[in-house]
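S.K.:
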Amino acid sequence: MVEEYPKLAETLKNELKEALLGYEHIAEKKAFVALVDRGSLIKALELLNKISGGEVHLTSINGADLGEREMELTYFIWLLPQKIRVLVKTRLPKDDLKIQSAVKVMPAAILYEREVHEMLGVVFEGHPRLERLFLPEDWPEGVYPLRRD
Amino acid sequence: MSLLKLATWARLKSPWILHVNTGACNSCDIEVLAALTPRFDVERFGILLKPSPRHADILVVTGAVTRQAAERIKRVYEQTPDPKFVIAVGACAIGGGVFQNCYGVLGGVDKIIPVDVYVPGCPPRPDAIIYGVVKLIEKVTKGG
Amino acid sequence: MSAIDLIIGPVHPALHEPERFVFKIDGEVVVDVEPRIGFVHRGIEKALSERTFVQDIYLAERICGICNVVHTLTAVQAIENAFGIEVPRRARYLRTIVHELNRMHSHLLILGVACELMGFDTLFMLFWRDREVVMDLVEIITGNRVMSAYNIIGGVRRNISDFEISEIKKALGSMAERLKHYKKVFMEDPTVRARCVNVGYLSRARTLALGAVGPTARGSGVEIDVRAEEPYAAFDEVPYTAVVYNEGDSWARLMVRIDETLESIKIIEQCLDRMPSGPVKVPVPEAAPRTAEGFSVTEAPRGELLHHVYAKEGEDKPIRYRVRTPTYANIPAVCEMLKGGYIADIPVTLVSIDPCFSCTDRVALVDVNSGEKRVVDIFTLMRRYRK
Chain H
37 MVEEYPKLAE
47 TLKNELKEAL
57 LGYEHIAEKK
67 AFVALVDRGS
77 LIKALELLNK
87 ISGGEVHLTS
97 INGADLGERE
107 MELTYFIWLL
117 PQKIRVLVKT
127 RLPKDDLKIQ
137 SAVKVMPAAI
147 LYEREVHEML
157 GVVFEGHPRL
167 ERLFLPEDWP
177 EGVYPLRRD
Chain A
289 MSLLKLATWA
299 RLKSPWILHV
309 NTGACNSCDI
319 EVLAALTPRF
329 DVERFGILLK
339 PSPRHADILV
349 VTGAVTRQAA
359 ERIKRVYEQT
369 PDPKFVIAVG
379 ACAIGGGVFQ
389 NCYGVLGGVD
399 KIIPVDVYVP
409 GCPPRPDAII
419 YGVVKLIEKV
429 TKGG
Chain F
11 MSAIDLIIGP
21 VHPALHEPER
31 FVFKIDGEVV
41 VDVEPRIGFV
51 HRGIEKALSE
61 RTFVQDIYLA
71 ERICGICNVV
81 HTLTAVQAIE
91 NAFGIEVPRR
101 ARYLRTIVHE
111 LNRMHSHLLI
121 LGVACELMGF
131 DTLFMLFWRD
141 REVVMDLVEI
151 ITGNRVMSAY
161 NIIGGVRRNI
171 SDFEISEIKK
181 ALGSMAERLK
191 HYKKVFMEDP
201 TVRARCVNVG
211 YLSRARTLAL
221 GAVGPTARGS
231 GVEIDVRAEE
241 PYAAFDEVPY
251 TAVVYNEGDS
261 WARLMVRIDE
271 TLESIKIIEQ
281 CLDRMPSGPV
291 KVPVPEAAPR
301 TAEGFSVTEA
311 PRGELLHHVY
321 AKEGEDKPIR
331 YRVRTPTYAN
341 IPAVCEMLKG
351 GYIADIPVTL
361 VSIDPCFSCT
371 DRVALVDVNS
381 GEKRVVDIFT
391 LMRRYRK
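From first to last, the protein sequence lines stand for chains H, A and F.
Per the working numbering, the very first residue in the first sequence carries number 37; after that it's consecutive.
Per the working numbering, the very first residue in the second sequence carries number 289; after that it's consecutive.
Per the working numbering, the very first residue in the third sequence carries number 11; after that it's consecutive.
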């Protein structure tokens with residue numbers, strides 16, 4: 037619900053401070069988009085968990101190689117009580133594709149992180165089982181199908 | 289008219305069909321299955337869908353062949369006793385369909401096993417699939 | 011405890027789809043489940059960014075033949091979101107009608123398959139016979155039974171006449187009566203209850219935490235349905251309330267689908283009654299008019315579906331296209347549903363989440379101790395356990 041956006045913005049600003057690199061409510065997209073520093077991504081997810089009282093749905097984790105120096109990760113989240121669609125974005129430098137795994141905070145991340153790893157080479161530290169999901173066994177190591185380079 | 293031909297032939301022999309999906313989107317598969325249901329009902333001609341290659345006369349294959357599926361379709365073909373025939377149903381089974389040149393896809397079924405009849409469509413209607421079976425039977429009875 | 015790796019194939023046993031779950035079993039009980047998907051991995055996401063936006067509609071349609079309509083709907087909505095295009099009202103209503111017809115055929119399909127699995131062949135045939143009526147209605151509106159590419163960027167491809175509207179209403183009316191009767195049979199039949207009740211149970215908390223969607227989630231009391239929460243197409247004007255059951259078992263998940271099929275009929279009737287006049291499409295540019303991200307979330311028959319696209323101004327191909335299908339979201343949940351259950355319950359539980367990949371119709375039994383592998387076809391295995 038649109039009325040909840042200001043409160044969400046306040047909470048994120050107060051808790052994340054400089055780690056919140058930017059946010060906007062995009063009416064056309066019916067979503068609240070927040071860009072956070074990768075070191076605080078987990079903290080942001082924990083916050084969303086708290087705000088929603090644990091009634092949070094992780095829709096997907098999308099990785100994108102947009103041909104720039106950095107890769108973008110988007111966490112699509114739905115807060116049930118507030119009925120807000122939140123997109124949490126973070127950027128990872130291509131020469132250091134590492135981020136903490138979200139599995140402990142949002143168990144639903146378990147397969148999405150494996151897929152982003154398999155397709156783009158991002159390492160999710162702390163993931164219990166970062167192995168192949170979709171690619172055949174004979175697919176060569178180190179070749180990431182969705183990388184642009 | 290083709291249904292009459294089918295009925296005639298069916299008196300001589302009821303072909304048993306094994307349906308094999310090598311990597312399809314399911315649309316051909318549900319039209320194959322729809323052919324069994326009351327609207328189309330091929331069962332009245334003795335055509336039965338069987339679960340095992342050992343019992344099959346005809347392999348009805350759908351899907352663009354993915355790398356993983358290629359080994360499997362070869363094995364199924366070898367397990368099917370002679371005389372056996374293969375019908376490739378749908379654009380993907382014929383030549384990869386929309387998935388041509390995708391990195392997971394090898395191409396049409398005839399890259400792996402010999403095909404007797406091709407039923408084009410994306411997906412072909414159940415009527416077209418039945419017609420494909422009729423065509424195969426004609427081809428076989430003519431050829432002996 | 012000596013565990014045996016039971017590699018099981020089918021997810022739609024009647025459709026012979028190829029997939030693989032590896033089950034570790036102890037006697038008759040499933041101890042652990044590992045999904046090894048990928049047999050139908052066709053490299054679609056890469057292909058989507060190598061083709062134009064328009065070509066992507068045709069490719070998206072073939073991600074899944076059963077829910078092809080919802081993939082085109084979500085695709086065009088995501089692209090419209092990126093391009094900043096507003097779709098005419100009449101088009102949104104038409105999209106909703108075809109979207110709900112698609113849901114009906116998909117639900118009737120899986121309900122039929124579930125009945126067949128439980129040995130209830132008559133009800134299987136009845137569900138599929140009514141499904142043919144739905145296929146006819148889809149063909150009347152879109153021109154084709156299955157792949158129709160009815161949704162285009164900017165609207166829909168074809169208009170509908172008043173005569174067609176009245177024909178559709180007639181067909182739906184008689185179908186609703188029959189479906190209510192099947193529902194009664196399904197609810198009361200002792201065989202159905204014996205095979206589904208308390209089978210594949212998952213608590214509400216776990217279902218939500220594991221990211222489950224669609225009837226799989228709503229069967230465990232999780233009230234998420236995109237049509238109600240994030241309305242799209244005509245759902246902002248034709249409001250929808252989610253169907254939720256709290257039992258959390260396979261029976262509940264199947265009941266959600268029966269009720270939703272009846273709800274779909276109501277939605278379609280309302281859309282037909284309130285159909286606005288006006289154009290059914292607007293012109294759109296071939297290339298992206300601005301650099302922007304777009305996404306669309308819809309309620310596919312199996313659950314929440316996401317298409318996420320990055321567009322660059324002047325380019326006629328997306329820079330990145332990501333699709334997250336509902337079955338994929340349900341895999342962690344179904345693995346947990348299967349753990350602790352019996353081998354005999356595996357087919358019913360898998361079918362109750364209405365999975366949509368492709369899978370093999372055979373079972374490989376691997377004896378962990380001797381390394382010996384036996385291949386048994388799934389129908390033999392099913393028959394052994396059919397009561």
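For every residue, glycine included, the Cβ atom is placed at its ideal position computed from N, Cα and C.
#1: Label Phe-33(F) either buried or exposed according to how many other C-beta atoms from any shown protein chain fall within 10 Å of its C-beta, with 16 as the threshold for buried.
#2: Please name the residue in Glu-91(H), Glu-161(H), Ala-63(H) whose C-alpha comes closest to that of Gly-231(F).
#3: By the 10 Å Cβ neighbour count, where 16 or more other Cβ atoms means buried, how is Lys-430(A) classified, buried or exposed?
#4: According to the neighbour-count rule (16 or more other Cβ atoms, all chains shown, within 10 Å of its Cβ), is Asn-256(F) buried or exposed?
#5: Going along the chain, which residues of its own chain have a beta-carbon closer than 7 Å to the beta-carbon of Leu-119(F), five neighbours each way excluded?
#6: Rounded to whole angstroms, what is the Cα-Cα separation between Gly-122(F) and Arg-360(A)?
#7: Enumerate in chain order the residues of its own chain whose CB-to-CB distance from Leu-306(A) is below 8 Å, with the five nearest sequence positions on each side excluded.
#8: By the three-class DSSP mapping on this structure, what secondary structure does Val-319(F) have?
#9: How close, in whole Å, do the beta carbons of Val-72(H) and Leu-56(H) come, if the pair is a contact with beta carbons under 8 Å?
#10: Contact criterion: CB-CB distance below 7 Å. Does Pro-143(H) meet it with respect to chain F?
#11: Count the CB pairs spanning the segment 221 to 241 of chain F and the segment 254 to 270 of chain F that are closer than 8 Å, and state whether there are at least three.
#12: Any Cβ of chain H within less than 7 Å of the Cβ of Leu-83(F)?
#13: Could you tell me whether the Cβ atoms of Ile-170(F) and Ile-151(F) are closer together than 7 Å?
#14: What does the Cβ neighbour count give for Asn-400(F), buried or exposed, with the cut at 16 atoms within 10 Å?
#15: Would you kindly work out how many angstroms separate the C-alpha atoms of Asp-66(F) and Leu-48(H), rounded to a whole number?
#16: How about Cys-74(F): is its C-beta nearer than 7 Å to some C-beta of chain A?
#17: Between Arg-100(F) and Pro-286(F), is the Cβ-Cβ spacing less than 7 Å?
#18: Would His-191(F) be called buried (16 or more neighbouring beta carbons within 10 Å of its own) or exposed?
#19: When the Cβ atoms of the segment 298 to 314 of chain F are set against those of the segment 219 to 226 of chain F, are three or more pairs found closer than 8 Å?
#20: In whole angstroms, what separates the C-alpha of Lys-313(A) from that of Ile-54(F)?
#21: My assumption, with CB atoms under 8 Å, is that Val-353(A) sits in contact with Gly-420(A). Please give the rounded CB distance.
#22: Thinking C-alpha only, which one of Ile-278(F), Val-266(F), Arg-102(F), Ile-341(F) is nearest Leu-147(F)?
#23: Would you report the Cα separation of Glu-38(F) and Glu-149(H), rounded to the nearest angstrom?
#24: Per DSSP, Trp-114(H) is paired with what?
#25: Leaving aside the five residues before and after Ser-274(F) along the sequence, list all residues of the same chain whose C-beta is less than 7 Å from its C-beta, in chain order.
#26: Would you kindly report the start and end of the unbroken beta strand (DSSP E) that includes Asn-309(A)?
#27: So, at 7 Å on beta carbons, what are the nonlocal neighbours of Leu-102(H) in its own chain, with the 5 sequence-adjacent residues on each side left out?
#28: Tell me which residue opens and which closes the beta strand (DSSP E) that Ser-306(F) is part of.
#29: Output, in sequence order along the chain, the residues in the segment 310 to 325 of chain F whose CB is closer than 7 Å to any CB in chain H.
#30: Quick one: which chain A residues come within Cβ less than 7 Å of Tyr-68(F)?
#31: In chain order, what residues of the segment 120 to 144 of chain H put their CB closer than 9 Å to some CB of chain F?
#32: When you compare each of Val-358(F), Ala-92(F), Tyr-338(F) to Ala-298(F) by their alpha carbons, which one comes out closest?
#33: Assess contact between the segment 126 to 144 of chain F and the segment 334 to 353 of chain F, defined as three or more Cβ pairs (one per stretch) separated by less than 8 Å. Is contact present?
#34: Between which two residues does the alpha helix (DSSP H) holding Pro-143(H) run?
#35: What runs of the alpha helix (DSSP H), each 4 residues or longer, lie entirely inside the segment 58 to 125 of chain F?
#36: Within 10 angstroms of the Cβ of Ala-145(H), are there 16 or more other Cβ atoms? Answer buried if so, exposed if not.
M.R.: Quick answer:
#1: Position 23 of the third sequence, counting from 1, holds the residue named residue 33(F). Within a 10 Å sphere around the beta-carbon of Phe-33(F) sit 16 or more other beta-carbons, which makes this residue buried.
#2: Residue 231(F) sits at position 221 when you count from the first residue of the third sequence. For Gly-231(F), the closest alpha carbon among the candidates Glu-91(H), Glu-161(H), Ala-63(H) is that of Glu-91(H).
#3: Your numbering for residue 430(A) matches position 142 in the second sequence. If you draw a 10 Å sphere on the C-beta of Lys-430(A), you find fewer than 16 other C-beta atoms in it, and that means exposed.
#4: Numbered from 1 along the third sequence, position 246 holds the residue referred to as residue 256(F). Only exposed fits Asn-256(F), as fewer than 16 other CB atoms lie within 10 angstroms of its CB.
#5: Working through the third sequence from its first residue, we reach residue 119(F) at position 109. Counting only residues of its own chain and dropping the five nearest sequence neighbours on each side, Leu-119(F) has a CB closer than 7 Å to the CB of Ile-76, Arg-141.
#6: Position 112 of the third sequence, counting from 1, holds the residue named residue 122(F). Position 72 of the second sequence, counting from 1, holds the residue named residue 360(A). Across the structure, Gly-122(F) and Arg-360(A) are spaced so that their CA atoms are roughly 28 Å apart.
#7: The residue you call residue 306(A) lines up with position 18 of the second sequence. Answer for Leu-306(A): Leu-337, Lys-338, Pro-339, Ser-340, Pro-341, His-343, Ala-344, Ile-346, Leu-347, Val-348, Val-364, Thr-368, listed in chain order.
#8: Working through the third sequence from its first residue, we reach residue 319(F) at position 309. It is a strand residue.
#9: Taking the first sequence and counting its residues from 1, the one referred to as residue 72(H) is at position 36. Taking the first sequence and counting its residues from 1, the one referred to as residue 56(H) is at position 20. With a Cβ gap of about 6 Å, Val-72(H) and Leu-56(H) count as contacting.
#10: By 1-based counting over the first sequence, the position of residue 143(H) is 107. Contacts with chain F at 7 Å (Cβ-Cβ) include Pro-143(H).
#11: Flag = yes, the segment 221 to 241 of chain F and the segment 254 to 270 of chain F touch.
#12: For the purposes of this step, residue 83(F) is taken as residue 73 along the third sequence, with counting starting at 1. It does not; no Cβ of chain H falls within 7 Å.
#13: What you label residue 170(F) is simply residue 160 of the third sequence in a count that begins at 1. What you label residue 151(F) is simply residue 141 of the third sequence in a count that begins at 1. Ile-170(F) places its beta carbon less than 7 Å from that of Ile-151(F).
#14: No information on residue 400(F) is available, as it lies outside the stretch 11 to 397 that chain F covers here.
#15: For the purposes of this step, residue 66(F) is taken as the residue at position 56 of the third sequence. For the purposes of this step, residue 48(H) is taken as the residue at position 12 of the first sequence. So the alpha carbons of these two residues sit roughly 37 Å apart.
#16: Position 64 of the third sequence, counting from 1, holds the residue named residue 74(F). Closer than 7 Å: yes.
#17: The count along the third sequence starts at 1 and reaches residue 100(F) at position 90. The count along the third sequence starts at 1 and reaches residue 286(F) at position 276. Yes, the Cβ-Cβ distance between Arg-100(F) and Pro-286(F) is below 7 Å.
#18: Counted from its first residue, the third sequence places residue 191(F) at position 181. Answer is exposed; the Cβ neighbour count stays below 16.
#19: These segments touch.
#20: For the purposes of this step, residue 313(A) is taken as the residue at position 25 of the second sequence. For the purposes of this step, residue 54(F) is taken as the residue at position 44 of the third sequence. Position check: residue 313(A) holds Cys in this sequence, whereas Lys was assumed. Their backbone Cα atoms lie some 11 Å apart in a straight line.
#21: Mapped onto the second sequence, residue 353(A) falls at position 65. Mapped onto the second sequence, residue 420(A) falls at position 132. In fact, because the Cβ distance is near 19 Å, the residues do not count as touching under 8 Å.
#22: Start at 1 with the first residue of the third sequence, and residue 147(F) comes out as number 137. Measuring from the Cα of Leu-147(F), the nearest candidate turns out to be Ile-278(F).
#23: Residue mapping note: residue 38(F) aligns to position 28 of the third sequence, counting from 1. Residue mapping note: residue 149(H) aligns to position 113 of the first sequence, counting from 1. Cα-Cα distance, rounded: 32 Å.
#24: Residue numbering aside, residue 114(H) sits at position 78 when the first sequence is read from its first letter. Bridge partners of Trp-114(H): His-93(H), Arg-121(H).
#25: Within the third sequence, residue 274(F) is the residue found at index 264, counting from 1. Same-chain partners within the cutoff: Glu-110, Arg-113, Met-114.
#26: Residue mapping note: residue 309(A) aligns to position 21 of the second sequence, counting from 1. Counted as a single uninterrupted DSSP element, the beta strand (DSSP E) harbouring Asn-309(A) occupies residues 304 to 309.
#27: Your numbering for residue 102(H) matches position 66 in the first sequence. These residues qualify, in order along the chain: Glu-108.
#28: The residue given as residue 306(F) occupies position 296 in the third sequence. Annotation: the continuous beta strand (DSSP E) that includes Ser-306(F) extends over 302 to 310.
#29: So the list reads Glu-314, Leu-316, His-318, Tyr-320, given in the order they occur along the chain.
#30: The residue you call residue 68(F) lines up with position 58 of the third sequence. Proximity of chain A to Tyr-68(F) at the Cβ level (cut-off 7 Å) is accounted for by Val-386, in chain order.
#31: Correct list: Arg-121, Leu-123, Met-142, Pro-143, Ala-144.
#32: As a first step, residue 298(F) is located in the third sequence; it is residue number 288 there, counting from the start. The candidate whose alpha carbon is nearest that of Ala-298(F) is Ala-92(F).
#33: Judged by Cβ distances under 8 Å, the segment 126 to 144 of chain F makes no contact with the segment 334 to 353 of chain F, as fewer than three pairs qualify.
#34: Mapped onto the first sequence, residue 143(H) falls at position 107. Counting along the chain, no alpha helix (DSSP H) covers Pro-143(H), and no H or E run does either.
#35: List check, alpha helix (DSSP H) in window: 63 to 71, 78 to 93.
#36: Taking the first residue of the first sequence as position 1, residue 145(H) is located at position 109. Under a 10 Å Cβ-count criterion, Ala-145(H) is classified as buried, with 16 or more other Cβ atoms of the shown protein chains found around its own Cβ.
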